[in-house]
Amino acid sequence: MADSQTIETAKAHFAKILEEQLDRVERLKQDQEWTDFSKVKPIRIGILGGDGIGPSIAAEARRVLEYLLRQAADQGKVVFRDIEGLTIENRAEHMQSIPDDVMAEIKECHVTLKGPTHTPEKGDPWPNLESANVSMRKALDLFANVRPVRIPQEGIDWTFFRENTEDLYAVGSQGINVTDDLAIDFRVITTQGSERIIDAAFAHAKRNNKSRVTIVTKANIIKTTDGKFLDVARKVSQRYPDIGWDAWYIDIMTAKLLDLARRSEFQVFALPNLYGDILTDEAAQIQGGVGTAGSANIGKRFAMFEAIHGSAPRMVKEGRAQYADPSSMIRAGSMMLDHIGYPELADRLNKALDVCTQYERKLVITGRDTGATGKEFGDYIMETVESSDLESRWEGYARN
Ligand code: IPM
Ligand code: MG
């Protein structure tokens, strides 16, 4: 028989979560305007190095972006700002996943480019703080985690719209050990949160002439929360009569991404946070590894762009940070260019990345002194971006 005090304590804990989440729903109902970057001058771009190899690869991505945006910078349209202090040492010192002064600087920027940050876990030497990524996504309401994966020669062109503020992540640090033997976490899915990510996926499909959106859940088992996500998809799809949609379960979806006969049929995906976390790592691996994929965390007001991999502390310990592959950060930079109103530059940069990392591969990064440094790779990208035959080289490769 459970003692009633144990149950009362757990109920009080749950009540607090309910209050916070109901307040959040009220905030979500107050629809916000999207930042119109054509009216912002200058657009402030913050650079957050992060931990481990983060500062090396962020510096490289910054160099490439500064090069591409040199004209805009001369015209006072964009400025770059370094933001220090999003390191695990500083976060541990302040016992905050994002120290207040760092957060204030982040909020002064319209967009940020962020290197990977160490995510503490039980048993490592750092205090078990909430992940800086997760805190930032929640604090800046970066609800859409957009992750493209492309393999042109296989006809693969996927864009994942991963919900970024809810699901098991929303209160992932607020689970409860009811007794020594019973642990419970809470999963949050809201109508408003589901609607905005699913709508973003459909709107993307429409803008890019895609014909289908694929919704991924496990609604046959997780009936209430995934059931809601799917119900909302049904409703949102009615606003987009020209775009088809289908629903898959996460388990079979992970298999279908490996199905050579079928996988290129998928186009745009919308899915709750954790499934999106898992499926996008798989998709990135299919493209060539998590080191090759960029990621955009987009909200109506702010946006943050990052690599999808970790901070690789071992590379730093072994003195190999300069050999880290910056291509994921540069991909993230290209998504930033697109977001802030420079889609042509973004397109050129993407094509240069395809040419350099998938086709020509004149320089290969191995992560050690057997390969190129990140800086040499940055130079290679800038050279390729500038070349007058970039378009035809890219098309030639994409066709074969
Ligand atoms: C990602 C990462 C993060 C996540 C970690 C670092 C918190 O895996 O961006 O996919 O789980 O979302
Ligand atoms: Mg992940």
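All residue numbers for the sequence shown refer to this note's numbering, where the first residue is 49 and numbers rise by one.
A virtual CB, placed ideally from N, CA and C, is assigned to each residue, including glycine.
Nothing here was measured: the structure is a model prediction, and the numbers come from that model.
*Integer Cβ distance of Thr9 from Thr57, believed to fall under 8 Å*: Absent from the structure is residue 9, since the part of the chain shown begins at 49 and ends at 448.
*With distances taken between CB atoms, is the gap from Arg244 to Thr328 smaller than 8 Å?*
No, Cβ-Cβ distance for Arg244 and Thr328 is not below 8 Å.
*Throw me the rounded Cβ distance for the Thr83 and His158 pair, which I believe falls under 8 Å.*
A Cβ-Cβ distance of about 7 Å is found for the pair Thr83 and His158, placing them in contact under the 8 Å criterion.
*Output the distance between the C-alpha atoms of Trp174 and Tyr217, rounded to the nearest integer angstrom.*
Taking the straight line from one Cα to the other gives about 20 Å.
_One question on the structure: do Ala400 and Thr432 come within less than 8 Å of each other, judged by their Cβ atoms?_
Cβ distance < 8 Å, so Ala400 and Thr432 count as in contact.
*Report all residues from its chain with a CB closer than 7 Å to the CB of Ala4; omit the five preceding and five following residues, and keep chain order.*
With the chain represented from 49 up to 448, any question about residue 4 goes unanswered, as that position is not in the structure.
_Quick check: what's the CA-CA separation for His166 versus Pro90?_
Distance between the alpha carbons of His166 and Pro90: 31 Å.
*Going by alpha carbons, who is nearest to Thr414 out of Asn345, Ala180, Glu392, Gly337?*
Proximity to Thr414 across Asn345, Ala180, Glu392, Gly337 peaks at Gly337, based on C-alpha coordinates.
*asked:* For the ligand IPM, I want to know if Val182 counts as a neighbour, meaning its beta carbon is within less than 7 Å of at least one of the ligand's heavy atoms.
replied: Indeed, a heavy atom of the ligand IPM lies less than 7 Å from the Cβ.
*asked:* When you measure from the CB of Asp99 to every non-hydrogen atom of the ligand MG, does any distance come out below 7 Å?
replied: No.
*Grouping DSSP H, G and I as helix and E and B as strand, with all else coil, what is Met352?*
In the structure shown, the three-state DSSP call for Met352 is strand.
*Which two residues bound the contiguous beta strand (DSSP E) that contains Ala344?*
342-346 is the span of the beta strand (DSSP E), which, as asked, contains Ala344.
*Return the CA-CA distance between Arg255 and Val316, expressed in angstroms with no decimal places.*
If you draw a straight line from the Cα of Arg255 to the Cα of Val316, it comes to about 12 Å.
_Here's a check: name, in chain order, each residue in its chain whose Cβ is nearer than 7 Å to the Cβ of Pro200, leaving out the five neighbours to either side._
Same-chain partners within the cutoff: Asp402, Ala446.
*Should Ile356 be listed as close to the ligand IPM, given that the test is whether its C-beta is under 7 Å from any heavy atom?*
Ile356: yes, Cβ under 7 Å from the ligand IPM.
*What three-state label does DSSP hand Ala85 in the structure shown?*
The sequence shown places Phe at residue 85, rather than the Ala named in the question. Of the three classes helix, strand and coil, the one that applies to Phe85 here is helix, per DSSP.
*asked:* Tell me which residue opens and which closes the alpha helix (DSSP H) that Ile378 is part of.
replied: It spans 375-387 - the alpha helix (DSSP H) in which Ile378 sits, taken as one unbroken run.
*Kindly provide the ranges of any beta strand (DSSP E) runs that are 3 or more residues long and lie completely inside the region 107-165, ordered along the chain.*
Runs of the beta strand (DSSP E) inside the region 107-165: 126-131, 159-162.
*State buried or exposed for Asn321, treating a residue as buried only when at least 16 other CB atoms are found within 10 Å of its CB.*
With 16 or more Cβ atoms within 10 Å of its Cβ, Asn321 is classed as buried.
*Name, in chain order, the residues that DSSP records as bridge partners for Gly94.*
The partner list for Gly94 (beta bridge, DSSP) reads Arg129, Thr160.
*asked:* Tell me which residues share the same chain as Gly347 and place their Cβ nearer than 7 Å to its Cβ, disregarding the 5 neighbours each side in the sequence.
replied: Within its own chain, the residues whose Cβ lies closer than 7 Å to the Cβ of Gly347, once the five positions on either side in sequence are excluded, are Leu188, Asp189, Leu190, Phe191, listed in chain order.
_Looking at the secondary structure, which residues open and close the alpha helix (DSSP H) in which Ile55 lies?_
Element bounds for Ile55: 52-77.
*State yes or no: is the C-beta of Asp215 nearer than 7 Å to some heavy atom of the ligand MG?*
No - the ligand MG has no heavy atom lying nearer than 7 Å to the Cβ of Asp215.
*According to DSSP, residues forming a beta bridge with Tyr428*: In the DSSP output, where bridge partners are listed per residue, Tyr428 has none listed.
_If the criterion is Cβ atoms closer than 8 Å, does the pair Ala341 and Arg396 meet it?_
No. Outside cutoff.
*Output the boundary residues of the beta strand (DSSP E) element that contains Val264.*
260-265 is the span of the beta strand (DSSP E), which, as asked, contains Val264.
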